[in-house]
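Visitor: Going by my numbering, the letters in the sequence shown line up with residues 214 to 550, in that order. A virtual CB, placed ideally from N, CA and C, is assigned to each residue, including glycine. Predicted, not measured: the structure shown is a model, and the values here were computed from it. Next up is a structure, given as structure tokens.
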Amino acid sequence: GAARAAAAAAAARGAPARGDGPHRPCGRYREPAGPSGAGPGRRGRGRGQRAGKSLSRAGQGGVADVVSWIVGGHEAPEGAWPWVVSLQVLRGGVRFVHLCGGVLLGRRAVLTAGHCVDGRMDPCSWRAVLGVHNLHKHSRHTARRRIRRIIVHSEFKRETFENDVAVLELRSAVRYSLFIQPVCLAPAALVPPLENSSDCYISGWGRTTEKGTGLCQAHVAILPSSLCNSSAGYAGLMNDKALCAGAWAGGTDTCQGDSGGPLVCYHADTDRYYLMGIASFGVGCGRPRYPGIYVRLSQYRKWIKAKLLLINKAWSRPGTALTVLLALGHTVLTHVL
214 GAARAAAAAA AARGAPARGD GPHRPCGRYR EPAGPSGAGP GRRGRGRGQR
264 AGKSLSRAGQ GGVADVVSWI VGGHEAPEGA WPWVVSLQVL RGGVRFVHLC
314 GGVLLGRRAV LTAGHCVDGR MDPCSWRAVL GVHNLHKHSR HTARRRIRRI
364 IVHSEFKRET FENDVAVLEL RSAVRYSLFI QPVCLAPAAL VPPLENSSDC
414 YISGWGRTTE KGTGLCQAHV AILPSSLCNS SAGYAGLMND KALCAGAWAG
464 GTDTCQGDSG GPLVCYHADT DRYYLMGIAS FGVGCGRPRY PGIYVRLSQY
514 RKWIKAKLLL INKAWSRPGT ALTVLLALGH TVLTHVL
């Protein structure tokens with residue numbers, strides 16, 4: 214109908230569709246929060262250790278010549294990417310600042326890049342902000358959650374960014390709405406597969422200015438690893454568990470503060486966007502021959518499912534709610550989850 218035509222037109226010009234567009238939520242969500250957009254998402258990235266610094270660290274290092282949001286993109290409509298999470302770290306013991314992107318996997322789990330939490334493993338120093346568009350403006354759709362546990366891949370290698378994945382367990386479950394929804398994970402048997410898709414999107418806030426910007430997005434294509442890893446590009450720095458996405462000619466990319474953010478691709482047969490990667494590293498921002506490098510999540514299905522099962526089991530045990538409250542220093546009793 215008319216809604217479908219509007220969604221198609223929006224997608225054609227690179228803008229996300231509205232809430233009545235093609236996106237179908239993966240979670241059980243029955244309580245609409247209000248009008249929302251849902252469309253293509255976009256990824257974040259960092260600079261590889263041998264090719265530079267990781268983006269999250271570079272953001273702290275005061276790099277002056279970096280672009281402060283996703284390069285070559287534009288601001289997304291509010292609510293366009295309901296699974297994108299701002300992961301914020303406590304600075305100076307007084308305020309939280311955006312450090313990396315993340316992706317909501319379920320009511321209590323957020324996926325991000327392992328290098329984002331490398332050296333910052335204290336859960337008390339982190340919080341997740343969900344359903345947010347502008348990091349510097351209050352919204353009734355926003356939810357903030359402190360972190361209970363940080364789980365980094367046991368074989369993460371900071372020198373090469375191999376196995377650059379981590380899951381953050383939230384202290385309390387989030388409530389799904391039009392602005393907060395889990396991302397779809399691509400099943401192994403998805404036909405046709407999406408790992409050579411040209412209809413993919415990245416999203417993130419990057420190094421926002423003091424005045425702040427809304428969530429940004431850009432359309433990208435997954436490029437052949439043989440091209441990205443050639444002598445003209447990364448020259449072997451990519452491993453076989455990574456994806457390369459962006460534009461070979463440059464101009465569309467993620468930048469500082471976008472690490473851990475999503476690379477999602479649209480699958481027409483199922484009418485869904487699927488999470489294909491999370492931003493890991495890159496060289497500069499939007500440079501020719503150096504598209505963004507993402508963790509290839511098809512290689513981590515079992516790991517992700519195991520961590521989600523671990524988190525769900527922890528919350529399904531009798532007495533979990535009381536145990537968690539006591540661990541957090543609360544004295545108020547509550548019902549068993």
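1. State the Cα-Cα distance for the pair A386 and R321, rounded to the nearest angstrom.
2. On the premise that I415 lies in contact with L343, defined as a C-beta separation below 8 Å, what is that separation, rounded to the nearest angstrom?
3. Counting along the chain, where does the beta strand (DSSP E) carrying W339 start and finish?
4. What does DSSP give as the partner residues of G427 in its beta bridges?
5. Quick check on C239: does DSSP put it in helix, strand or coil?
6. What separation, rounded to the nearest whole angstrom, lies between the Cα atoms of S444 and G306?
7. Kindly indicate which residue of Y507, P395, S410, T426 has the alpha-carbon position closest to the one of N442.
8. At the level of alpha carbons, what is the spacing between S439 and A458?
9. Which of helix, strand or coil does DSSP assign to L450?
10. In chain order, what residues of the same chain have a beta carbon less than 6 Å from the beta carbon of G315, not counting five sequence neighbours either side?
11. What first and last residue would you give for the beta strand (DSSP E) that runs through T379?
12. Touching or not, the region 515-530 and the region 345-358, by the rule of three or more beta carbon pairs under 8 Å?
13. Pull up the distance between the alpha-carbon of G232 and that of L391, whole angstroms please.
14. Measure the C-alpha to C-alpha separation of A455 and I435 and round it to an integer number of angstroms.
15. Any idea which residues DSSP pairs E375 with across the strands?
16. Ordered along the chain, which non-local residues of its own chain (more than five positions away) have a Cβ less than 7 Å from that of Q512?
17. Can you tell me the Cα-Cα spacing of N409 and M334, whole angstroms?
18. Mind checking P437: buried by the 16 CB within 10 Å criterion, or exposed?
19. Give a yes or no on whether the C-beta atoms belonging to R558 and R340 are separated by under 7 Å.
20. DSSP beta-bridge partners for S416?
21. Is L383 closer than 7 Å to S338 when the C-beta atoms are compared?
22. Which full runs of the alpha helix (DSSP H) of 4+ residues lie inside the region 484-530, going along the chain?
23. Residues in the same chain with beta-carbon distance under 7 Å from D331, minus the five sequence neighbours each way, listed in chain order, please.
24. Please state whether DSSP places H328 in a helix, a strand or coil.
25. For H366, which residues in the same chain have their Cβ closer than 6 Å to its Cβ, ignoring the five residues on either side in sequence?
26. Should V496 go down as buried or exposed, given a rule of 16 or more other Cβ atoms within 10 Å for buried?
Guide: From the atom records:
1. If I take the Cα positions, the gap works out to 5 Å.
2. L343 to I415, Cβ: 18 Å. No contact.
3. Counting along the chain, the unbroken beta strand (DSSP E) around W339 starts and ends at 339-343.
4. DSSP lists no partner for G427.
5. Coil, per DSSP.
6. So the two alpha carbons sit approximately 45 Å from each other.
7. Looking at the Cα atoms, Y507 is the closest of the given residues.
8. S439 and A458: Cα-Cα distance of roughly 12 Å.
9. Collapsing the DSSP output to three states places L450 in coil.
10. Around G315: V298, L300, V323, T325, G473.
11. The question names Thr, but residue 379 is Ala in the sequence shown. From DSSP, the beta strand (DSSP E) with A379 extends over 379-383.
12. With the rule of 3 Cβ pairs closer than 8 Å, the region 515-530 does not count as touching the region 345-358.
13. With a pLDDT of only 37 at G232, under the threshold of 50, the placement of this residue in the model should not be trusted, and no figure is reported.
14. Pairing A455 with I435, the inter-Cα distance amounts to about 11 Å.
15. Answer by DSSP bridge pairing, in chain order: K370.
16. K454, listed in sequence order.
17. Going from the Cα of N409 to the Cα of M334 covers about 35 Å.
18. Label assigned to P437: exposed.
19. Any answer about residue 558 is impossible in this case: the structure gives the chain only from 214 up to 550.
20. BP columns for S416 point to Q430.
21. The answer is no: Cβ separation not under 7 Å.
22. You should have 514-529.
23. The answer, listed in chain order, is R371.
24. Helix, per DSSP.
25. Cβ neighbours of H366 beyond the five flanking positions: G327, N376, V378.
26. With 16 or more other CB atoms across the displayed protein chains lying within 10 angstroms of its CB, V496 is buried.
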